[in-house]
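Working notes for the structure below.
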Amino acid sequence: MALPEWPDLTGSSPDHVAGWRAWLRAIWTLDEIAEAIEQASPTLAWQVAVVCSTSTTDARRVRRTVLSVVRYVLRVTGRATPFGLFAGVAPAGFSTQPVVEWGEDHQVVARAGASWISEVIAQLEGIPDLVRRLPLMANSLAFVRGGRLVVPYPPGRRAGQRFPAEVSLRYTSPVRIAMDTARTPVPFDEVAASIAAAFPATQHSKIEGLITGLMDHGALISSLHAHSTTADHLGHVVEQVEKAGAGELRQVADLVDQLREIQAGLAEYNRLTGPADRRKDRGGAPKGRFQAIAIMAGECLPIKVCCRVLSVSESGFHMWRKRPPSPRAIRHA
Numbered sequence: 016m017a018l019p020e021w022p023d024l025t026g027s028s029p030d031h032v033a034g035w036r037a038w039l040r041a042i043w044t045l046d047e048i049a050e051a052i053e054q055a056s057p058t059l060a061w062q063v064a065v066v067c068s069t070s071t072t073d074a075r076r077v078r079r080t081v082l083s084v085v086r087y088v089l090r091v092t093g094r095a096t097p098f099g100l101f102a103g104v105a106p107a108g109f110s111t112q113p114v115v116e117w118g119e120d121h122q123v124v125a126r127a128g129a130s131w132i133s134e135v136i137a138q139l140e141g142i143p144d145l146v147r148r149l150p151l152m153a154n155s156l157a158f159v160r161g162g163r164l165v166v167p168y169p170p171g172r173r174a175g176q177r178f179p180a181e182v183s184l185r186y187t188s189p190v191r192i193a194m195d196t197a198r199t200p201v202p203f204d205e206v207a208a209s210i211a212a213a214f215p216a217t218q219h220s221k222i223e224g225l226i227t228g229l230m231d232h233g234a235l236i237s238s239l240h241a242h243s244t245t246a247d248h249l250g251h252v253v254e255q256v257e258k259a260g261a262g263e264l265r266q267v268a269d270l271v272d273q274l275r276e277i278q279a280g281l282a283e284y285n286r287l288t289g290p291a292d293r294r295k296d297r298g299g300a301p302k303g304r305f306q307a308i309a310i311m312a313g314e315c316l317p318i319k320v321c322c323r324v325l326s327v328s329e330s331g332f333h334m335w336r337k338r339p340p341s342p343r344a345i346r347h348a
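The sequence shown begins at 16 in our numbering and counts up one residue at a time.
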């Protein structure tokens, strides 16, 4: 990759500031670097746009932006960094001689993050009408210790929340029946029916509460949780809710539609082959929503409500309204 000459950071004169700005503009013409930085730090990409589109002589501000970009460029060119577009995966095998092939046909693939998927699953499993339609299976890691059922490393349900190494609950007869019934995937109602058959005097609401409690502790796992070898966890979630007929449930339909929209957007993004096309695509959808919010706000609709309905950041909308020219416009001016 041909890079412009490194900027001179030894001084802070107006000539130095002008040279720093010229270097930023030159480095931003390299789509591979610009795309990686935009993905890793949208805030820094925004600062680059501001510096390049104005005539500011604030040496401290420009220098800080240049130094941040320099650090990212160093990562691209000479440092293994398992982060965002600075990282990659490739097949490897065992042999008597090391052989490395470095091609040019790299492909960027976007996937839904694990913490986000956990949030989505937690939201879906919080809807009783949907949970009753899902197959359940006993956690194969769970075991009995003394008179308690122990679940090691329970699956995370909320992003940013710390989880214990294990959780335990009383290994009562209803719990044992639930775990035995769900040794293989079975419908929620079948688990409930097995418990009700053994305890016919127990209210159905209490039985359902026991089952959902076992799900909360990770002892029972719904079909929304994909195997670790599944490449597309979002696709798995969408497939499972569709199998459960979630579209028939009013409280789930809107969320399912949003998940399908996100899935289609990721698929479309993954079909793009060049960094310039991907950058254009990544910036297009939010911009269209911001423009729609601006129109609705002009009709006296609350901005907060509009942002929530269209699933965009309110702070991002305000930044968009005060935006300088985009980095792409700067690069191609």
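Glycine included, each C-beta is placed from N, C-alpha and C at the ideal position. Remember, predicted model here, so these are calculated numbers, not experimental data.
Under a Cβ-count criterion, where at least 16 other Cβ atoms within 10 Å of its own Cβ denotes burial, should residue i be classed as buried or exposed?
i                 : result
leucine 82        : exposed
glycine 233       : buried
arginine 286      : exposed
glutamate 53      : buried
phenylalanine 158 : exposed
alanine 174       : Note that alanine 174 has pLDDT 49, beneath the 50 cutoff, so the model's placement of it is unreliable and the number below is only indicative. Exposed, by the Cβ-count rule.
tryptophan 38     : buried
histidine 248     : buried
tyrosine 168      : exposed
arginine 36       : buried
serine 28         : exposed
alanine 213       : exposed
serine 243        : exposed
glutamine 255     : buried
methionine 16     : exposed
phenylalanine 203 : buried
valine 104        : exposed
tryptophan 131    : exposed
serine 110        : exposed
threonine 80      : buried
valine 115        : exposed
arginine 160      : exposed
alanine 180       : exposed
tryptophan 43     : buried
alanine 259       : buried
proline 22        : buried
glutamate 20      : exposed
alanine 261       : buried
proline 340       : Low confidence applies to proline 340: its pLDDT is 47, below 50, so where it sits in the model is not reliable, and the reading given next is rough at best. By the neighbour-count rule (16 or more Cβ atoms within 10 Å), proline 340 is not buried but exposed.
Is the Cβ-Cβ distance between residue i and residue j less than 8 Å?
i                : j              : result
leucine 149      : leucine 239    : yes
valine 252       : isoleucine 142 : no
valine 91        : alanine 129    : no
leucine 151      : leucine 235    : yes
serine 188       : valine 165     : no
glutamine 273    : glycine 250    : no
alanine 102      : leucine 281    : no
glutamine 209    : threonine 217  : The question names glutamine, but residue 209 in the sequence shown is serine. Not a contact, by the Cβ cut-off of 8 Å.
glutamate 140    : serine 220     : no
glutamine 207    : isoleucine 192 : In the sequence on display, residue 207 carries alanine and not glutamine. No. Outside cutoff.
phenylalanine 98 : alanine 49     : no
I need the boundaries of the alpha helix (DSSP H) containing residue i, first residue and last residue.
i                 : result
isoleucine 236    : Careful: isoleucine 236 lies outside any alpha helix (DSSP H), inside the beta strand (DSSP E) at 235-237.
methionine 152    : Segment 150-153 is the beta strand (DSSP E) holding methionine 152; no alpha helix (DSSP H) there.
leucine 229       : 219-231
glutamate 283     : 265-286
glutamate 254     : 248-258
isoleucine 31     : What sits at residue 31 in the sequence shown is histidine, not isoleucine. Looking at the DSSP string, the run of the alpha helix (DSSP H) that includes histidine 31 is 29-42.
isoleucine 132    : 129-140
valine 88         : 74-93
glutamate 116     : Careful: glutamate 116 lies outside any alpha helix (DSSP H) and carries neither H nor E.
tryptophan 21     : Tryptophan 21 -> no alpha helix (DSSP H), and no H or E assigned at all.
phenylalanine 203 : 203-213
alanine 55        : 46-55
arginine 191      : 188-196
leucine 145       : 143-146
How many whole angstroms separate the CB atoms of residue i and residue j, which I take to be in contact at a CB cut-off of 8 Å?
i           : j             : result
leucine 18  : valine 88     : 7 Å
leucine 270 : glutamine 138 : 7 Å
arginine 40 : cysteine 67   : 5 Å
valine 267  : leucine 145   : 5 Å
alanine 153 : arginine 198  : 6 Å
valine 84   : valine 63     : 7 Å
valine 65   : leucine 100   : With a Cβ gap of about 22 Å, valine 65 and leucine 100 do not count as contacting.
Mind checking which residues open and close the beta strand (DSSP E) that includes residue i?
i                 : result
phenylalanine 158 : 158-160
proline 167       : 163-167
glutamate 181     : 181-185
Q) When the Cβ atoms of the region 27-40 are set against those of the region 55-75, are three or more pairs found closer than 8 Å? A) yes
Q. How do the region 106-122 and the region 210-229 stand: do at least 3 beta-carbon pairs fall below 8 Å, yes or no?
A. no
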